[in-house]
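Here's the structure we're looking at; comments come further down.
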Amino acid sequence: MEDRLYLPEFSHRMRTTFATLPRWWITVAALTVMAVLLSPFYWVLVGSFMTPAELFGSQMSLWPKHFAVQNWSVAFGRLWPHIQNSLFVSAAASIGTLLITAPAAYGLVWRKPRGRKTLFAFTLMTQMLPAIVFVIPLFIVFTKINLVNTLAGLTLADMTFTIPFALIMLSAYMKDLPYELVEAALVDGAGQLRAFLMIVLPMTLPGLITVAVFSFLIPWGDLIFALSLITDDSLQPLTLQLYKAFGQYGIDWGFLLPGSVLTAVPAVIFVIAASRFIVAGVTRGAIK
Amino acid sequence: MRANAKTPAGKDTKAVVAERSRPIARRARLDTSPYMFILPFVLFCLLLMLYPVVYSLTLSFREATVDTFVSGDMPFNGLTQYQAAVADPIFWRAVVNTVLFAFFSILFQFTIGFALALLFQLNFPLKNFCLAALLIPWVLPVLTAANIFKGLFNDIGPFNQIFHMVGLGPFPWLAEPAYAFPATIVANIWIGFPFNFILLYAGMRSIPIEVYEAAKIDGANSWKRMVFITLPMLKPVSAAVLMLGTIYTVKVFDLVWVMTGGGPANGTQLLSTYAYQVGFSLLNFGQAAAIATLMVLLVLLLNLVQMVLQRE
Numbered sequence: 364m365e366d367r368l369y370l371p372e373f374s375h376r377m378r379t380t381f382a383t384l385p386r387w388w389i390t391v392a393a394l395t396v397m398a399v400l401l402s403p404f405y406w407v408l409v410g411s412f413m414t415p416a417e418l419f420g421s422q423m424s425l426w427p428k429h430f431a432v433q434n435w436s437v438a439f440g441r442l443w444p445h446i447q448n449s450l451f452v453s454a455a456a457s458i459g460t461l462l463i464t465a466p467a468a469y470g471l472v473w474r475k476p477r478g479r480k481t482l483f484a485f486t487l488m489t490q491m492l493p494a495i496v497f498v499i500p501l502f503i504v505f506t507k508i509n510l511v512n513t514l515a516g517l518t519l520a521d522m523t524f525t526i527p528f529a530l531i532m533l534s535a536y537m538k539d540l541p542y543e544l545v546e547a548a549l550v551d552g553a554g555q556l557r558a559f560l561m562i563v564l565p566m567t568l569p570g571l572i573t574v575a576v577f578s579f580l581i582p583w584g585d586l587i588f589a590l591s592l593i594t595d596d597s598l599q600p601l602t603l604q605l606y607k608a609f610g611q612y613g614i615d616w617g618f619l620l621p622g623s624v625l626t627a628v629p630a631v632i633f634v635i636a637a638s639r640f641i642v643a644g645v646t647r648g649a650i651k
Numbered sequence: 581m582r583a584n585a586k587t588p589a590g591k592d593t594k595a596v597v598a599e600r601s602r603p604i605a606r607r608a609r610l611d612t613s614p615y616m617f618i619l620p621f622v623l624f625c626l627l628l629m630l631y632p633v634v635y636s637l638t639l640s641f642r643e644a645t646v647d648t649f650v651s652g653d654m655p656f657n658g659l660t661q662y663q664a665a666v667a668d669p670i671f672w673r674a675v676v677n678t679v680l681f682a683f684f685s686i687l688f689q690f691t692i693g694f695a696l697a698l699l700f701q702l703n704f705p706l707k708n709f710c711l712a713a714l715l716i717p718w719v720l721p722v723l724t725a726a727n728i729f730k731g732l733f734n735d736i737g738p739f740n741q742i743f744h745m746v747g748l749g750p751f752p753w754l755a756e757p758a759y760a761f762p763a764t765i766v767a768n769i770w771i772g773f774p775f776n777f778i779l780l781y782a783g784m785r786s787i788p789i790e791v792y793e794a795a796k797i798d799g800a801n802s803w804k805r806m807v808f809i810t811l812p813m814l815k816p817v818s819a820a821v822l823m824l825g826t827i828y829t830v831k832v833f834d835l836v837w838v839m840t841g842g843g844p845a846n847g848t849q850l851l852s853t854y855a856y857q858v859g860f861s862l863l864n865f866g867q868a869a870a871i872a873t874l875m876v877l878l879v880l881l882l883n884l885v886q887m888v889l890q891r892e
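Protein chains in written order, with our numbering: chain E, 364 to 651; chain R, 581 to 892.
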């Protein structure tokens, strides 16, 4: 299992790198550091239950006196249609990314088609480009072919972020694939497609999950494509709607903070559920 | 190998498998071409990635404004867009800001990430929980982080409340360039430190434990082990982290766009926000594309500088 590499149950480094300390004291130190570093996130969680008067009062309050639950019900009611838009775009981008990059990563790594080095180089190169390089041409082209102000157009645009990223990450997983198993299946008479579906995909499941998660989260948090491609209010994803909440007459914090937490929900769920995969996946993809 | 396989006595299983699989693999390569696997990816790359990149590049040599865009003919005008971009003092302000933004963001992200990575080389209860929790700032949507820091840096927000308690401030965080610029950097450090942390953490883990044990036997104390083992052996990972950090930081858009919109008085204007403004507020797509090209050149230049510095 790859997580053993990165998150071992027991490390000897404690004895070798540093002098021996009581282990619970390190936990206390780590939790203190964590409390400081994560305090901004705590602020938004707690602040989403405060009235603006309490939030920006003369005294700093660390806990709401009365839970302003109406913040949440109002924000949720107003944002629900946009949450649906975001769910649709993110799910579609995630599925589309997997459908395109899973066979491609396998094909490029193990079937060695001609031009694969060029493709890899191009994919890596696109990671370097600022979003604006894609935003302006896609806006112009999508305007011409009527994909502006459609969720399909936004999904395709978001996939220009997720696809290169997913291919790089999945290729790292594919390299570790025990190819003898695929060969054995081919020897036993399985077709290429069958071998791919029955052996390659199950063997690379941790990688596929990680890629699916990131390909969901990236479109979910996207602002720049939504900002430039969607003007129709009913089609706006969550992020854009929340961004538009900065009105001309100041900021409605009672709406903005619960909205911000709602925007963060999938990311926090995924990081808790899949932290092992994420750590392993990110470090693989970036270091290899 | 072949001789080995032919003699019945020396016919080991490996040779048999190699002999059997070779012709079958060749047949398999014929029946489903590898190109079937990569076809959708190649199509996507051509239509939605290569085409826009080329389009953006050619656009930077054209006059593409509202008028020409609507009429449909965007005439070539050579380097005019680049000349116009470079002649604008706001462009140079954005260049300086982008470089400073990247430098300070990466400096602190890397330092915090490195310190955390060292701490997490120790083994302690709840370690995996802490590690996962520390990833939160990085996986949060940038918009959420931007809203958080917009609130924290509010005139009467928590940061000023804390400064007030020690008798300082209030500081006009997002209202004056001299304060708004560091405020956006602080927010970006917060978003980026976990990425540095996990990469450096994994890099340190991959240093073989035997090296440390050997050094210890030779009498190296923990400080020496850090300076003579951890730092040199971590160099390839550090280089990768710094390079990726530069690429990501120069690309930052959402954070600054939401927190300050590039203001006040262009004080937080980055090349990314400036290009977006020129493109979508002034509707001068040609010039925005020219700025985008210059941004790519800046990323290349910064990475080159890094590579030269690291070699020394």
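For each residue, glycine too, the CB sits at the ideal point set by N, CA and C.
Flag this pair as yes or no: are the beta carbons of residue i and residue j separated by less than 9 angstroms?
i, j, result
"MET491 of chain E", "ILE827 of chain R", "yes"
"GLU643 of chain R", "GLY866 of chain R", "yes"
"LEU471 of chain E", "ILE618 of chain R", "yes"
"GLY783 of chain R", "SER818 of chain R", "yes"
"VAL838 of chain R", "LEU723 of chain R", "yes"
"THR626 of chain E", "LEU605 of chain E", "yes"
"LEU881 of chain R", "ALA682 of chain R", "no"
"ASN727 of chain R", "SER623 of chain E", "yes"
"PHE439 of chain E", "ILE716 of chain R", "no"
"THR848 of chain R", "PRO752 of chain R", "no"
"MET537 of chain E", "ALA468 of chain E", "yes"
"ILE587 of chain E", "PHE649 of chain R", "no"
"ARG548 of chain E", "ALA535 of chain E", "The question names Arg, yet the displayed sequence has Ala at residue 548 of chain E. Cβ distance not < 9 angstroms, so ALA548 of chain E and ALA535 of chain E don't count as in contact."
"PHE621 of chain R", "ILE446 of chain E", "no"
Counting along the chain, where does the alpha helix (DSSP H) carrying residue i start and finish?
i, result
"PRO620 of chain R", "614 to 624"
"SER802 of chain R", "802 to 805"
"TRP770 of chain R", "757 to 785"
"TRP672 of chain R", "669 to 699"
"PRO816 of chain R", "815 to 831"
"ALA713 of chain R", "707 to 714"
"SER852 of chain R", "851 to 856"
"ALA456 of chain E", "432 to 469"
"ILE635 of chain E", "616 to 636"
"MET488 of chain E", "479 to 489"
"GLN604 of chain E", "601 to 606"
"ILE503 of chain E", "495 to 507"
"SER402 of chain E", "386 to 410"
"ARG891 of chain R", "865 to 891"
"ALA644 of chain R", "It is not in any alpha helix (DSSP H) - ALA644 of chain R carries neither H nor E in the DSSP assignment."
Decide if residue i is buried, meaning its Cβ has at least 16 other Cβ atoms within 10 Å, or exposed.
i, result
"GLY731 of chain R", "buried"
"LEU610 of chain R", "Caution is warranted here: a pLDDT of 47 is assigned to LEU610 of chain R, below 50, making its placement in the model unreliable, and the coordinate value is therefore given only provisionally. Answer is exposed; the Cβ neighbour count stays below 16."
"VAL452 of chain E", "buried"
"LYS707 of chain R", "buried"
"VAL879 of chain R", "buried"
"PRO527 of chain E", "buried"
"PRO669 of chain R", "exposed"
"VAL511 of chain E", "buried"
"SER597 of chain E", "exposed"
"GLY658 of chain R", "exposed"
"ARG386 of chain E", "exposed"
"GLU546 of chain E", "buried"
"ALA608 of chain R", "Annotation note: pLDDT 48 at ALA608 of chain R (below 50); position unreliable, coordinate value reported separately. So ALA608 of chain R counts as buried."
"MET532 of chain E", "buried"
"HIS429 of chain E", "exposed"
"ILE581 of chain E", "buried"
"GLY584 of chain E", "buried"
"ARG673 of chain R", "buried"
"GLN890 of chain R", "exposed"
"MET481 of chain E", "In the sequence under discussion, the amino acid at residue 481 of chain E is Thr, which differs from the Met named in the question. Looking at its Cβ environment, which holds fewer than 16 other Cβ atoms inside 10 Å, THR481 of chain E is exposed."
"MET875 of chain R", "buried"
"MET629 of chain R", "buried"
"TRP718 of chain R", "buried"
"GLY554 of chain E", "exposed"
"LEU877 of chain R", "exposed"
"VAL574 of chain E", "buried"
Sufficient close CB pairs (3 or more, under 8 angstroms) joining the segment 828 to 839 of chain R to the segment 766 to 779 of chain R: yes
Pair every Cβ in the segment 496 to 512 of chain E with every Cβ in the segment 623 to 643 of chain R, then say whether three or more of these pairs are closer than 8 angstroms. yes
Counting pairs of beta carbons, one from the segment 847 to 864 of chain R and one from the segment 739 to 746 of chain R, are three or more of them closer than 8 angstroms? no
Segment contact, 8 angstroms Cβ cut-off, at least three pairs: the segment 688 to 707 of chain R with the segment 387 to 404 of chain E: Taking 8 angstroms as the limit for Cβ pairs, the verdict is that the segment 387 to 404 of chain E does touch the segment 688 to 707 of chain R.
Which complete alpha helix (DSSP H) runs does the segment 545 to 581 of chain E hold, if anything under 4 residues is left out? If we require 4 residues or more, the alpha helix (DSSP H) runs fully inside the segment 545 to 581 of chain E come out as 555 to 558.
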